[in-house]
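Peer 1:
In my numbering, the protein residues as written are -1 to 241.
#1: Enumerated in chain order, which unbroken segments of the alpha helix (DSSP H) with a length of 4 residues or greater are wholly contained in the stretch 141 to 170?
#2: According to the neighbour-count rule (16 or more other Cβ atoms, all chains shown, within 10 Å of its Cβ), is residue 202 buried or exposed?
#3: In terms of DSSP beta bridges, what is residue 231 paired with?
#4: Can you have a look at residue 24 and say buried or exposed, based on whether 16 or more other CB atoms are within 10 angstroms of its CB?
#5: From the DSSP output, read off the bridge partner residues of residue 213.
#6: What residue does the alpha helix (DSSP H) around residue 93 start on, and which one ends it?
#7: Using the beta-carbon count (16 or more within 10 Å), is residue 240 buried or exposed?
#8: To which residues of the same chain is residue 211 closer than 8 Å at the C-beta, ignoring the five residues directly before and after it?
#9: Is residue 175 buried or exposed, if buried means 16 or more other CB atoms sit within 10 Å of its CB?
#10: Reducing DSSP to helix, strand and coil, say where residue 225 ends up.
#11: Under the rule that 16 or more other beta-carbon atoms within 10 Å means buried, what is residue 41, buried or exposed?
#12: Run through DSSP, which three-state label would residue 196 get?
#13: Which one of 108, 134, 88, 146 has the shortest CA to CA distance from residue 120?
#14: In the DSSP assignment, find the alpha helix (DSSP H) that holds residue 99 and state where it starts and stops.
#15: Taking residue 72 and residue 47 to be in contact with their CB atoms under 8 Å, please state how far apart those CB atoms are, rounded to whole angstroms.
#16: Which residues in the same chain as residue 56 place their Cβ atom closer than 8 Å to its Cβ, once the five residues preceding and following it in sequence are excluded?
#17: So, helix, strand or coil for residue 59, using DSSP?
#18: Under the rule that 16 or more other beta-carbon atoms within 10 Å means buried, what is residue 229, buried or exposed?
#19: Could you say which of 233, 197, 117 lies nearest to residue 99 if we only look at CA atoms?
#20: Pick out whichever of 16, 144, 44 has its Cα sitting closest to the Cα of residue 34.
#21: Return the residue from the list 53, 38, 32, 149 that minimises the CA-CA distance to residue 12.
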């Protein structure tokens, strides 16, 4: 520690970490939290980014103050630039169950779409291998990759067809719909025909099967009673969406 560090409260990384309790202070004088956020924004070290990201994990009253602080924090993190900011953002996306949408928004500003999809796929693979109670992060990630044609997506998404949350299953089905990914056919048909599958999930499965052009071979007798408008079974045993 240098002479300057004695008077400033430690080196940049150390000082940044010491400010975290103030940044995540939910109650009390908001000026204390806002001052800490501003101080972190001036440090330009990766540890400052990590602490700033923690601000996205809590909501304070009033909501107008919360929104203003988060937007300010967003701009500060963005100002660190790709080289400094992205590694802590990726770590935050992988490890935090909260605020995934903010992390993805930052990656969208600082990296290419391909790099952001890479981060999503990595986070989804991590989530599929580790238990988490909160489905929100899974839904956010699945919604983000929906519509992308990146071939890395389907293998990372299929495991979520067995998730406990219906919202996660529906988001996974939406992400898979644009792909004709054959390994997804059997899991989708099992989900469709399972006794415990909710009606809204079944409807999403029918949509994904129709979009993917999959045959229901081997499941026809179980599938037919589950068909609802506008879905029907064609002569080729594929689900069709009627106009």
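From the three backbone atoms N, C-alpha and C, an ideal C-beta is built for every residue, glycine too.
Peer 2: Here's the rundown:
#1: Within the stretch 141 to 170, the complete alpha helix (DSSP H) runs of at least 4 residues are 151 to 155.
#2: So residue 202 ends up on the buried side.
#3: Answer is 237, bridged to residue 231.
#4: The residue in question, residue 24, is exposed, as its Cβ has fewer than 16 Cβ neighbours within 10 Å.
#5: In the DSSP output, where bridge partners are listed per residue, residue 213 has 236.
#6: DSSP places residue 93 inside the alpha helix (DSSP H), whose first and last residues are 80 to 93.
#7: By the neighbour-count rule (16 or more Cβ atoms within 10 Å), residue 240 is not buried but exposed.
#8: Contacts found: 178, 236.
#9: Buried.
#10: Three-state DSSP puts residue 225 in coil, outside helix and strand.
#11: Burial is judged here by how many other beta carbons sit within 10 angstroms of a residue's own beta carbon; residue 41 has at least 16 and is buried.
#12: Note: residue 196 maps to coil in three-state DSSP.
#13: Here the closest residue by C-alpha is 88.
#14: The continuous alpha helix (DSSP H) containing residue 99 extends over residues 98 to 108.
#15: Between residue 72 and residue 47, the beta carbon gap of about 12 Å keeps them out of contact (Cβ cut-off 8 Å).
#16: Excluding sequence neighbours, residue 56 sits near 22, 24.
#17: The answer is coil: DSSP assigns residue 59 none of H, G, I, E or B.
#18: Counting Cβ neighbours within 10 Å, residue 229 comes out buried, since at least 16 surround it.
#19: Checking every option, the nearest Cα to that of residue 99 belongs to 117.
#20: Of 16, 144, 44, the residue nearest in Cα terms is 16.
#21: Looking at the Cα atoms, 38 is the closest of the given residues.
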